[in-house]
DNA sequence: TTCATTAGTTACATGGCATAACGAAAAACC
DNA sequence: GGTTTTTCGTTATGCCATGTAACTAATGAA
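Chains as they are written, first to last, in UniProt numbering: chain A, 1 to 160; chain B, 1 to 160.
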């Protein structure tokens with residue numbers, strides 16, 4: 001037999017689930033020394049790159065629900081990596097910024113994740129990794145229009 | 001700005017998480033009419049293709065822990081898609097087979113997931129999808145040796 | 001002013017996945 | 001042949017990720 005899961009191997013989703021599970025396990029192990037998880041790391045990066053970001057916008061960018069973001073930010077704030085500051089113009093909203101420590105941890109974590117990424121893509125040529133990125137983004141695009149036919153702009157875009 | 005998550009877009013894991021979340025959402029919606037989830041569908045396929053399979057072996061193949069498989073099989077058995085039968089030679093173990101209904105549902109579900117797969121990979125050439133499979137399998141391979149340096153054969157293989 | 005909307009939050013439910021520990025049966029051992 | 005060890009399926013449990021509903025406070029529009 002060609003492998004007990006040969007039927008499933010025909011599906012991109014199956015290969016992707018297996019690959020992603022391993023990536024997630026490894027990246028979480030890599031981030032643990034920094035006190036970060038995959039989600040908190042992602043949030044930290046976006047906040048560092050977009051100072052003054054509001055929570056709702058961050059939730060949009062990371063495609064997570066606002067309630068989930070609360071605990072993520074609690075986590076980052078407790079670790080003194082991020083601060084929430086009430087917005088001057090809109091006193092409902094918070095503006096997010098990284099602390100000095102947050103910027104430093106972010107740098108180191110990014111470097112660690114870059115090494116992790118290189119490890120996981122080893123054996124693949126640069127062009128193959130590029131093609132992988134392209135294919136994944138196309139799937140993301142397809143997946144979005146499937147879930148919301150009228151969507152063409154939900155994702156990360158530049159602020160107005 | 002090139003996009004608020006441009007730092008993260010450099011990582012395969014980030015693109016993959018986003019793509020996979022959408023795939024998972026869509027495939028679960030596709031499978032819902034069959035009373036299946038992603039995991040139960042996977043188990044059903046492998047059992048159909050490998051009659052008489054033991055639970056431990058199935059857990060190995062799908063890379064899930066034995067305790068988790070129990071509920072998955074309870075689910076499939078309750079839906080009358082799969083039967084557990086005590087093994088003649090080893091009365092601790094169960095041999096798994098699909099029922100007639102299970103085979104039928106499996107066929108239809110596979111067809112539905114094939115359509116889903118085509119939808120999610122639309123816009124990509126056949127060669128690009130092939131390259132995607134190849135890249136994902138290479139990552140799976142890399143991920144396994146990372147987590148278990150002495151591993152080269154944990155995955156699905158033919159029975160002795 | 002009143003009403004609808006928005007930002008963040010709380011509470012809660014669900015599903016995925018991992019570990020520890022158990023009873024039963026088999027295998028290994030002496 | 002009886003004892004120990006291992007294996008199979010199971011139970012119980014907990015953690016993490018994720019989603020929904022409902023609340024509050026503040027904003028903005030009618």
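In this text, a Cβ means the ideal position worked out from N, Cα and C, and glycines have one as well.
As assigned by DSSP and simplified to three states, the class of residue i
{"i": "residue 86 of chain B", "result": "strand"}
{"i": "residue 158 of chain A", "result": "At residue 158 of chain A, the pLDDT of 31 sits below 50, so the modelled position is not reliable; the number obtained from the coordinates is stated separately. Looking at residue 158 of chain A - three-state DSSP - the assignment turns out to be coil, as it is neither helix nor strand."}
Integer Cβ distance of residue i from residue j, believed to fall under 8 angstroms
{"i": "residue 96 of chain A", "j": "residue 47 of chain A", "result": "5 angstroms"}
{"i": "residue 49 of chain B", "j": "residue 7 of chain A", "result": "6 angstroms"}
{"i": "residue 11 of chain B", "j": "residue 113 of chain A", "result": "6 angstroms"}
{"i": "residue 43 of chain A", "j": "residue 31 of chain A", "result": "Actually they are not in contact, since the Cβ atoms of residue 43 of chain A and residue 31 of chain A sit about 12 angstroms apart, beyond 8 angstroms."}
{"i": "residue 131 of chain A", "j": "residue 131 of chain B", "result": "5 angstroms"}
{"i": "residue 94 of chain A", "j": "residue 60 of chain A", "result": "Not quite, the Cβ-Cβ distance comes to about 15 angstroms (not below 8 angstroms), so this is no contact."}
{"i": "residue 139 of chain A", "j": "residue 139 of chain B", "result": "That belief does not hold up - the Cβ atoms of residue 139 of chain A and residue 139 of chain B are roughly 15 angstroms apart, past 8 angstroms."}
Same chain, Cβ closer than 8 angstroms to residue i, five either side skipped, listed in chain order
{"i": "residue 16 of chain B", "result": "none"}
{"i": "residue 62 of chain A", "result": "39, 42, 43, 46 and 69"}
{"i": "residue 3 of chain B", "result": "9"}
{"i": "residue 124 of chain A", "result": "132"}
{"i": "residue 14 of chain A", "result": "5 and 8"}
{"i": "residue 29 of chain B", "result": "none"}
Contacting residues, own chain, Cβ-Cβ under 7 angstroms from residue i (five flanking each side not counted)
{"i": "residue 40 of chain A", "result": "72, 75 and 76"}
{"i": "residue 150 of chain A", "result": "Interpretation of residue 150 of chain A is limited by its pLDDT of 48, a score under 50 that renders its predicted location unreliable; the figure taken from the coordinates is listed afterwards. Nothing listed; no residue qualifies."}
{"i": "residue 35 of chain A", "result": "79"}
{"i": "residue 27 of chain A", "result": "38, 113 and 116"}
{"i": "residue 67 of chain A", "result": "none"}
{"i": "residue 106 of chain B", "result": "44, 45, 48 and 98"}
{"i": "residue 109 of chain A", "result": "31, 34, 36 and 41"}
{"i": "residue 86 of chain A", "result": "94"}
{"i": "residue 92 of chain A", "result": "none"}
{"i": "residue 84 of chain B", "result": "73, 77, 94 and 96"}
Contacting residues, own chain, Cβ-Cβ under 6 angstroms from residue i (five flanking each side not counted)
{"i": "residue 9 of chain B", "result": "none"}
{"i": "residue 102 of chain A", "result": "81 and 82"}
{"i": "residue 129 of chain A", "result": "121"}
{"i": "residue 51 of chain A", "result": "97"}
Review point. What residue ranges within the UniProt domain "HTH marR-type" (1 to 141) of chain B form continuous beta strand (DSSP E) runs of no fewer than 3 residues, ordered along the chain?
Key: 82 to 86 and 94 to 98
Practice item. Please determine if the region 118 to 129 of chain B and the region 136 to 143 of chain A are in contact, where contact requires at least 3 C-beta pairs separated by less than 8 angstroms. Key: yes
Exercise for review: Flag this pair as touching only if the region 84 to 102 of chain B and the region 131 to 138 of chain A have three or more C-beta atom pairs under 8 angstroms; answer yes or no.
Suggested key: no
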